[in-house]
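Undergrad:
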Amino acid sequence: MEYKVIEIDGDNVEEFSDYINEDLAEQMDREFYRGIGAKNDKDEPCGAMVFELKDSESEEDTKSRIRMLNAVDEDAKNAIFTEYANVVSEEEVMESFYESPDKDLCQYLENNGFSLSTTESKDLVITAEEIKKIAMLLKGKKAPAYIESLSEASVLQYRRFVKECLFKGYKGLMDDLAYIPKNWFETEVSSCVITDDEVNGVFLIKKSASGSLYTMLFTAFGADYQRNLGLMMAYTAQKILELYPEDVKVVVRRHNAVVQKLTDKFFAGSKGKDVFSGNRSEG
Amino acid sequence: MNGADTTIYANLVSIMLSLGLMALVRKLKTKDAMEKRLFLLLLFLVLNMSIFYILCVYAQTGDLPVGKTGALILDTVLEVLITLFAFDWFVYVDYRIFHSVDHLKRNMKVLTVPAILVVVFNAVNLFTGWLFWYDDALVCHETDFYVICDLARLLYFIGSLVYLEIEKRKNKRMRFFSVKSFFIPLMFYVLLFYFTPYATAALGLSIGLALIYVQNINSLCYQDTETGFYNLLYLQELRRRIEKGDYELSSAIMYTLSEGDRRQMAKLIDDQLPEDCDTIRCGRDTVVTLASVKEKAPLHMLSEDVEMSFEEAKIPVSVTYALKKKKESETEFLDRFLEKA
Numbered sequence: 039m040e041y042k043v044i045e046i047d048g049d050n051v052e053e054f055s056d057y058i059n060e061d062l063a064e065q066m067d068r069e070f071y072r073g074i075g076a077k078n079d080k081d082e083p084c085g086a087m088v089f090e091l092k093d094s095e096s097e098e099d100t101k102s103r104i105r106m107l108n109a110v111d112e113d114a115k116n117a118i119f120t121e122y123a124n125v126v127s128e129e130e131v132m133e134s135f136y137e138s139p140d141k142d143l144c145q146y147l148e149n150n151g152f153s154l155s156t157t158e159s160k161d162l163v164i165t166a167e168e169i170k171k172i173a174m175l176l177k178g179k180k181a182p183a184y185i186e187s188l189s190e191a192s193v194l195q196y197r198r199f200v201k202e203c204l205f206k207g208y209k210g211l212m213d214d215l216a217y218i219p220k221n222w223f224e225t226e227v228s229s230c231v232i233t234d235d236e237v238n239g240v241f242l243i244k245k246s247a248s249g250s251l252y253t254m255l256f257t258a259f260g261a262d263y264q265r266n267l268g269l270m271m272a273y274t275a276q277k278i279l280e281l282y283p284e285d286v287k288v289v290v291r292r293h294n295a296v297v298q299k300l301t302d303k304f305f306a307g308s309k310g311k312d313v314f315s316g317n318r319s320e321g
Numbered sequence: 007m008n009g010a011d012t013t014i015y016a017n018l019v020s021i022m023l024s025l026g027l028m029a030l031v032r033k034l035k036t037k038d039a040m041e042k043r044l045f046l047l048l049l050f051l052v053l054n055m056s057i058f059y060i061l062c063v064y065a066q067t068g069d070l071p072v073g074k075t076g077a078l079i080l081d082t083v084l085e086v087l088i089t090l091f092a093f094d095w096f097v098y099v100d101y102r103i104f105h106s107v108d109h110l111k112r113n114m115k116v117l118t119v120p121a122i123l124v125v126v127f128n129a130v131n132l133f134t135g136w137l138f139w140y141d142d143a144l145v146c147h148e149t150d151f152y153v154i155c156d157l158a159r160l161l162y163f164i165g166s167l168v169y170l171e172i173e174k175r176k177n178k179r180m181r182f183f184s185v186k187s188f189f190i191p192l193m194f195y196v197l198l199f200y201f202t203p204y205a206t207a208a209l210g211l212s213i214g215l216a217l218i219y220v221q222n223i224n225s226l227c228y229q230d231t232e233t234g235f236y237n238l239l240y241l242q243e244l245r246r247r248i249e250k251g252d253y254e255l256s257s258a259i260m261y262t263l264s265e266g267d268r269r270q271m272a273k274l275i276d277d278q279l280p281e282d283c284d285t286i287r288c289g290r291d292t293v294v295t296l297a298s299v300k301e302k303a304p305l306h307m308l309s310e311d312v313e314m315s316f317e318e319a320k321i322p323v324s325v326t327y328a329l330k331k332k333k334e335s336e337t338e339f340l341d342r343f344l345e346k347a
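Residue numbers (the numbering used here), protein chains in the order written: chain A, 39 to 321; chain B, 7 to 347.
(1) With a cut-off of 8 Å on the beta carbons, I'd call Asn113(B) and Asp100(B) a contact; round off their distance for me.
(2) So, do the region 326-339 of chain B and the region 290-310 of chain B have three or more beta carbon pairs nearer to each other than 8 Å?
(3) What are the boundary residues of the alpha helix (DSSP H) that Trp95(B) is part of?
(4) Is there a C-beta anywhere in chain B that falls below 8 Å from the one on Lys101(A)?
(5) List, in chain order, every chain A residue whose beta-carbon is nearer than 9 Å to that of His109(B).
(6) Using a Cβ cut-off of 8 Å, which residues of the region 197-218 of chain A contact any Cβ in chain B, in chain order?
(7) Residues of chain E with CB closer than 7 Å to the CB of Leu308(B), please, in chain order.
(8) Which residues in chain A sit within 7 Å of Ser106(B), going by Cβ to Cβ distance?
(9) For Leu258(B), go through chain A and note every residue whose CB falls closer than 7 Å to its CB, in chain order.
(10) Given a cut-off of 8 Å, decide if Asn128(B) and Thr82(B) are closer than it, judged by their beta-carbon atoms.
(11) Give the secondary structure of Thr157(A) by DSSP, where H, G and I count as helix, E and B as strand, and everything else as coil.
(12) Mind reading off the beta-carbon distance from Ile248(B) to Tyr261(B)? Whole number of angstroms is fine, and I expect it under 8 Å.
(13) Going by alpha carbons, who is nearest to Ser264(B) out of Ala208(B), Gly289(B) and Cys283(B)?
(14) Alpha carbons only, please: which of His293(A), Leu62(A) and Ala76(A) is nearest the one belonging to Phe70(A)?
(15) For Glu345(B), which of helix, strand or coil comes out of DSSP?
(16) In chain order, what residues of the same chain have a beta carbon less than 8 Å from the beta carbon of Gly268(A), not counting five sequence neighbours either side?
(17) Any contact of the region 113-121 of chain A with the region 22-31 of chain B, i.e. 3+ C-beta pairs under 8 Å?
(18) CB-CB under 7 Å to Val19(B), same chain, minus the five flanking residues each way: which ones, in chain order?
(19) What is the DSSP secondary structure of Tyr37(A), reduced to helix, strand or coil?
(20) Within 8 Å, do at least three Cβ pairs link the region 96-114 of chain A to the region 278-296 of chain A?
(21) Between Asp311(B) and chain A, is the shortest Cβ-Cβ distance under 8 Å, so that the two count as touching?
(22) Cα-Cα, which of Met314(B), Arg269(B), Asp11(B) and Leu244(B) is closest to Ala283(B)?
(23) So if I threshold CB-CB distances at 9 Å, which residues from the region 95-123 of chain A count as touching chain B?
(24) On a CA-only basis, which of Glu64(A), Lys311(A), Leu162(A) and Met39(A) is nearest Ser248(A)? Give me that one, please.
(25) Please compile the residues from chain A whose C-beta is within a distance smaller than 9 Å of the C-beta of Val299(B).
(26) How is Phe241(A) classed by DSSP in three states: helix, strand or coil?
(27) Give the secondary structure of Phe182(B) by DSSP, where H, G and I count as helix, E and B as strand, and everything else as coil.
(28) Any C-beta of chain B sitting closer than 8 Å to the C-beta of Tyr136(A)?
(29) Are the beta-carbon atoms of Thr225(A) and Ser187(A) separated by less than 8 Å?
(30) For Lys302(B), which residues in chain A fall below 8 Å Cβ to Cβ?
(31) Which word fits Val299(B), buried or exposed, when buried means at least 16 other C-beta atoms lie within 10 angstroms of its C-beta?
(32) Starting from Asn131(B), follow the alpha helix (DSSP H) in both directions and report where the run begins and ends.
(33) What does Pro280(B) reach in chain A if we use C-beta pairs closer than 7 Å?
(34) So with CB distances below 7 Å, who are the chain B contacts of Tyr71(A)?
(35) Run the CB neighbour count on Asp341(B), radius 10 Å, all protein chains shown included, and call it buried at 16 or more, exposed below.
(36) Find the residues of chain A that neighbour Cys155(B), judging by a C-beta separation of less than 8 Å, and give them in chain order.
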């Protein structure tokens with residue numbers, strides 16, 4: 039069957055709601071998220087693919103992380119994937135990679151030149167017990183006055199800090215941090231260090247459409263930055279316990295060695311789910 | 007010349023040096039008023055220490071007829087001044103390194119408790135003589151406890167620098183200059199206090215402070231006096247470092263003022279600048295920021311914010327930025343970018 043492929047963005051993502059889950063759908067407005075959809079001759083959505091470009095504006099090789107690929111049949115998938123190859127070439131992507139529990143997707147990718155292996159997911163889901171333990175770092179007291187919710191920081195203070203982060207090369211999970219406004223995050227749960235009238239540290243949390251909380255950026259500069267990191271973590275944990283039910287899902291993506299070390303220290307013994315992962319060279 | 011004369015002359019030199027430095031520092035145009043105030047306080051304390059050293063000598067020789075009690079009081083004031091100097095020294099070095107008033111406030115306990123203890127001990131000594139006392143011949147006798155307290159004060163002085171060196175290592179992400187240069191006054195203090203039989207420690211401290219001042223002045227030769235940014239001399243120095251491979255340059259932003267107050271322009275730019283950037287005045291109305299950032303987004307964000315703040319202040323300025331091309335060397339990039347200035 040013949041399918042036509044179109045670009046999916048924030049304006050038309052609703053059409054593909056049968057294929058793209060709500061958490062990914064809300065990302066389609068973001069600078070480096072791309073979507074490809076397939077429609078049949080009746081103009082009905084028949085499949086979709088979402089991927090995220092990484093390091094596309096830096097000196098590093100551009101990579102593409104495939105987030106999902108879902109379609110009614112093999113022909114639709116192939117049509118989408120062929121278009122993916124075109125996009126990847128235009129964007130000068132050097133490597134595509136994925137991490138997913140979806141065996142069918144992984145099998146499809148393996149058939150299209152991707153490697154396949156089972157591995158522990160980089161996403162770590164934190165339990166309520168673990169959150170309580172973190173909150174206890176404050177030993178039942180209130181955090182010092184200079185640890186506040188992100189809502190207390192002005193837009194100017196937030197932007198100054200983001201610039202500081204970007205100039206130092208800290209982006210957390212967000213290649214598009216420069217384009218993200220303060221209120222994109224959960225401003226009551228996210229915390230920041232405000233000293234000398236400036237934001238000197240942040241712990242940014244994003245609430246997805248499905249209600250899960252994702253840690254997006256956790257960094258601090260200046261005097262006592264290590265101590266402030268611990269205080270922000272405890273403060274945010276306290277806020278999560280206050281504002282969300284116990285079964286709220288909190289996800290930490292261990293995207294680099296620093297975060298891995300942190301989670302090993304605070305959540306020793308916790309493991310990510312088993313997933314399939316692989317990559318393919320595009321260059 | 008006897009010991010008393012040596013002490014007096016040495017402290018007179020210290021007084022003149024302190025007064026001269028105070029006059030020079032007051033004239034200095036510096037962005038950081040807090041740092042200037044702390045340094046002036048140090049000089050003020052050294053000045054007073056020198057004065058009280060001289061007064062103590064005169065009290066001991068009988069030239070100042072204050073008697074035993076008066077000599078004890080003068081000596082106690084001197085001890086308090088030395089302790090206050092050590093305290094202010096700790097505060098000054100902490101501020102020079104972290105530039106954070108909040109950090110100082112949070113560490114007040116660490117800074118003040120030892121100093122307060124020493125001051126209290128000295129106050130109690132007026133009634134107990136447990137540190138030092140004067141006999142009828144106006145000779146000062148120091149007890150073993152005084153020796154211990156004096157050593158503790160020296161350790162507090164050294165401890166401040168060790169603490170700061172440790173903080174520096176913990177806060178690796180901050181830009182620091184060397185803590186070692188702050189050992190200079192301490193070194194002179196120790197040499198003259200412990201290794202000469204004369205009370206010339208204040209001279210040691212004022213020489214040390216003079217060297218710190220000279221060090222600060224040397225860095226000011228790179229400063230453009232009107233804007234407070236670096237000048238073309240610094241640009242030459244940067245170029246040398248780039249050619250040596252000591253400086254990473256990947257991006258640059260240029261601001262050109264069409265009309266208006268250059269100082270205000272400098273302040274508006276400075277308010278938006280992150281650390282780790284060098285900003286240089288390259289022309290009459292042109293300022294360039296050099297950075298190691300390799301992506302367009304941060305540059306775009308910075309130029310947007312600068313343009314917004316200039317718009318609010320109704321100052322016409324144009325802002326452009328550029329990234330180094332992959333096959334371009336850093337020097338080629340710098341030359342290409344500066345051609346526009």
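Every residue gets a Cβ at the ideal spot worked out from N, C-alpha and C, and that includes glycine.
TA: On the basis of the data shown:
(1) Stepping through the second sequence from its first residue, residue 113(B) is reached at position 107. Stepping through the second sequence from its first residue, residue 100(B) is reached at position 94. The pair is a contact, with the Cβ atoms about 7 Å apart (cut-off 8 Å).
(2) In this structure the region 326-339 of chain B lies against the region 290-310 of chain B, because at least three pairs of beta carbons, one per stretch, are closer than 8 Å.
(3) Position 89 of the second sequence, counted from the start, is the residue given in the question as residue 95(B). Gly73 to Phe104 is the extent of the alpha helix (DSSP H) around Trp95(B).
(4) Walking along the first sequence from the start, residue 101(A) turns up at place 63. Closer than 8 Å to the CB of Lys101(A) there is not a single CB belonging to chain B.
(5) Indexing the second sequence from 1 puts residue 109(B) at position 103. Result: Thr233, Asp234, Gly260, Ala261 and Asp262.
(6) Answer in chain order: Arg197, Arg198, Val200, Lys201, Glu202, Leu204, Phe205, Lys206, Gly207, Asp214, Leu215, Ala216 and Tyr217.
(7) The structure shown contains no chain E; its protein chains are A and B.
(8) What you label residue 106(B) is simply residue 100 of the second sequence in a count that begins at 1. Identification of chain A residues near Ser106(B) by a Cβ-Cβ cut-off of 7 Å yields Thr233, Asp234, Gly260 and Ala261, ordered along the chain.
(9) As a first step, residue 258(B) is located in the second sequence; it is residue number 252 there, counting from the start. One detail in the question is off: residue 258(B) reads as Ala in this sequence, not Leu. The premise fails here: Ala258(B) is roughly 13 Å from chain A at the closest Cβ pair, so nothing lies under 7 Å.
(10) Numbered from its first residue, the second sequence carries residue 82(B) at position 76. Numbered from its first residue, the second sequence carries residue 128(B) at position 122. Yes; because the gap between Cβ atoms is below 8 Å, this pair is in contact.
(11) In the first sequence, counting from the first residue as 1, residue 157(A) sits at position 119. It is a strand residue.
(12) As a first step, residue 248(B) must be located in the second sequence, where it is residue number 242. As a first step, residue 261(B) must be located in the second sequence, where it is residue number 255. Their Cβ separation, rounded to whole angstroms, is 21 Å, which puts Ile248(B) and Tyr261(B) out of contact at 8 Å.
(13) Against the second sequence, residue 264(B) aligns to sequence position 258. It is Gly289(B) whose Cα lies nearest to the Cα of Ser264(B).
(14) Taking the first residue of the first sequence as 1, we reach residue 70(A) at position 32. Nearest to Phe70(A) by C-alpha distance, out of His293(A), Leu62(A) and Ala76(A), is Leu62(A).
(15) One-based indexing of the second sequence puts residue 345(B) at position 339. Three-state DSSP puts Glu345(B) in coil, outside helix and strand.
(16) Within the first sequence, the letter at position 230 stands for residue 268(A). Result list for Gly268(A): Leu175, in chain order.
(17) No: the two stretches stay apart, fewer than three of their Cβ pairs being nearer than 8 Å.
(18) The residue you call residue 19(B) lines up with position 13 of the second sequence. Only Leu209 meet the Cβ criterion.
(19) Here chain A comprises residues numbered 39 to 321, so residue 37(A) is not present and cannot be evaluated.
(20) By the Cβ test, the region 278-296 of chain A is not in contact with the region 96-114 of chain A, since fewer than three Cβ pairs between them sit closer than 8 Å.
(21) Start at 1 with the first residue of the second sequence, and residue 311(B) comes out as number 305. Output row for Asp311(B): interface = yes.
(22) Along the second sequence, read from residue 1 onward, the residue named residue 283(B) stands at position 277. Position check: residue 283(B) holds Cys in this sequence, whereas Ala was assumed. For Cys283(B), the nearest C-alpha among the options comes from Leu244(B).
(23) So the list reads Glu95, Ser96, Glu97 and Glu98, given in the order they occur along the chain.
(24) Position 210 of the first sequence, counting from 1, holds the residue named residue 248(A). Residue Glu64(A) is the option with its Cα nearest to Ser248(A).
(25) Here residue 299(B) refers to the residue found at position 293 when the second sequence is read from its first residue. Those are Leu204, Phe205, Lys206 and Gly207, listed as they occur along chain A.
(26) For this step, residue 241(A) is matched to residue 203 along the first sequence. Judged by DSSP in its simplified three-state form, Phe241(A) adopts strand.
(27) Numbered from 1 along the second sequence, position 176 holds the residue referred to as residue 182(B). Because Phe182(B) carries a pLDDT of 45, less than 50, the predicted location of this residue cannot be relied on, and the following value inherits that uncertainty. In this structure, Phe182(B) counts as coil in the three-state DSSP scheme.
(28) Counted from its first residue, the first sequence places residue 136(A) at position 98. Residue contact with chain B for Tyr136(A): absent (no Cβ-Cβ distance below 8 Å to any residue of chain B).
(29) As a first step, residue 225(A) is located in the first sequence; it is residue number 187 there, counting from the start. As a first step, residue 187(A) is located in the first sequence; it is residue number 149 there, counting from the start. A contact, by the Cβ cut-off of 8 Å.
(30) Here the question's residue 302(B) lines up with position 296 in the second sequence. Taking the beta carbon of Lys302(B) as reference, the chain A residues within 8 Å of it are Glu95, listed in sequence order.
(31) Translated into the one-based positions of the second sequence, residue 299(B) becomes position 293. Buried is the call here.
(32) Position 125 of the second sequence, counting from 1, holds the residue named residue 131(B). Counting along the chain, the alpha helix (DSSP H) containing Asn131(B) begins and ends at Met114 to Thr134.
(33) Along the second sequence, one-based indexing puts residue 280(B) at 274. What Pro280(B) touches in chain A: Lys201, Glu202 and Phe205.
(34) Taking the first residue of the first sequence as position 1, residue 71(A) is located at position 33. The premise fails here: Tyr71(A) is roughly 15 Å from chain B at the closest Cβ pair, so nothing lies under 7 Å.
(35) Position 335 of the second sequence, counted from the first residue, corresponds to residue 341(B). When all chains shown are included, Asp341(B) counts as exposed.
(36) Taking the first residue of the second sequence as position 1, residue 155(B) is located at position 149. Within chain A, no residue comes near Cys155(B); the closest Cβ sits about 30 Å away, beyond 8 Å.
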